[in-house]
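Under the working numbering, think of the first position of the sequence shown as 164, with each following residue one higher.
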Amino acid sequence: MSVSIRCLYLGMLAADPPIGSVPAGSWWYNTVDGKWKFHNGVQTFILGGSGEVGGTYTKTVSIPGDQFGRPNTNPPTVVDQDNLTLYSFTVNTDQMTWKFPIPSDYDSGPFQFWVVWTNDGGTDDNGKNVKWQLSYQVGKEGDVISGSHVNSPKSVEDTYASALGWVEHHTATMSIAAIDFGGKTCIYIQIMAVTPSGTALSCEPHMLGVCFTYTAKRVPI
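Here's what the structure looks like:
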């Protein structure tokens with residue numbers, strides 16, 4: 164079986180070629196604009212500038228709880244609720260871990276994480292609180308990965324705002340600054356539920372998953 168890849172490199176040009184003459188898959192560098200450009204057969208992408216096509220954008224990723232690690236010591240309890248698997252955390256005890264490689268399309272800025280959670284289906288938690296804590300370490304090949312980063316942990320408190328059970332809630336964000344993982348290849352994350360400042364939830368908080376956003380490079384296809 165053979166695979167054919169069609170790509171024409173037009174090199175360095177003082178002006179953009181007429182679009183009708185540009186084959187799909189062509190790259191060139193416009194010496195006047197000072198930018199790399201790519202034509203996919205339909206439109207031209209400009210690489211390298213925030214706000215430009217082919218520049219950067221805010222990317223959001225959702226990670227379901229079943230993609231986290233459940234350690235041998237103090238893992239949360241798995242709870243099945245209709246079409247969804249939940250993870251019930253004993254406060255200040257249970258934990259989940261996550262090996263988080265820096266995405267290849269990462270451009271700049273912090274990672275902003277938030278927890279998606281609910282209660283145990285009870286109806287008496289309206290106005291009660293949960294506090295989620297995110298601890299982390301960073302590393303690359305050759306680094307010692309024990310312990311936690313000096314700026315760890317991050318935490319966020321959230322209130323159950325319903326008189327119904329199994330209502331999905333999203334916390335505010337917990338930020339890991341770019342300076343904390345600059346030059347590293349992976350962030351090692353631990354998630355726990357800890358004692359909130361306000362009145363605690365009447366049950367164990369149940370985690371659905373974690374979402375995060377970051378500034379990503381827009382790579383043309």
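Ideal Cβ placement from N, Cα and C applies to all residues, glycine included.
What is the rounded straight-line gap between the Cα of residue i and the Cα of residue j?
i: D287; j: T358; result: 18 Å
i: D343; j: N203; result: 37 Å
i: I354; j: M259; result: 5 Å
i: L176; j: A187; result: 17 Å
i: V242; j: N235; result: 17 Å
i: G272; j: T253; result: 33 Å
i: C366; j: L249; result: 14 Å
If you run the structure through DSSP and keep just helix, strand and coil, what is residue i?
i: D270; result: strand
i: D229; result: helix
i: N251; result: Note on residue identity: the sequence assigns Ser, not Asn, to residue 251. Note: S251 maps to strand in three-state DSSP.
i: D243; result: strand
i: S298; result: strand
i: A326; result: coil
i: G197; result: coil
i: W189; result: At residue 189 the sequence reads Ser, which differs from the Trp that was named. Correct three-state label for S189: strand.
i: D288; result: coil
i: D321; result: strand
For residue i, count the other beta carbons within 10 Å of its own beta carbon; 16 or more makes it buried, fewer makes it exposed. Which is it?
i: T219; result: buried
i: V205; result: exposed
i: E304; result: exposed
i: N356; result: The amino acid occupying residue 356 in the given sequence is Ala; Asn does not appear at that position. Per the 10 Å Cβ criterion, buried.
i: T334; result: buried
What distance in whole Å lies between the Cβ atoms of residue j and residue i, which are believed to be in contact at a cut-off of 8 Å?
i: N282; j: P368; result: 7 Å
i: W295; j: V313; result: About 21 Å separates the two Cβ atoms, so there is no contact after all.
i: L364; j: K291; result: 5 Å
Whose C-beta lies closer than 8 Å to the C-beta of residue i among residues of the same chain, with five residues either side of it excluded?
i: Y351; result: T260, W261, K262, F263, Y299, Q300, V301, G302 and I308
i: I156; result: The displayed coordinates of the chain run from 164 to 384. Any statement about residue 156 would go beyond what the structure contains.
i: V195; result: A177 and A178
Give every residue of the same chain whose Cβ lies closer than 7 Å to the Cβ of residue i, excluding the five residues on either side of it in the sequence, and list them in chain order.
i: K380; result: T219, D268 and D270
i: A326; result: T286 and N289
With a threshold of 6 Å on Cβ separation, who are the neighbours of residue i within its own chain once the five nearest residues in sequence on each side are excluded?
i: A341; result: G272 and P273
i: S184; result: none
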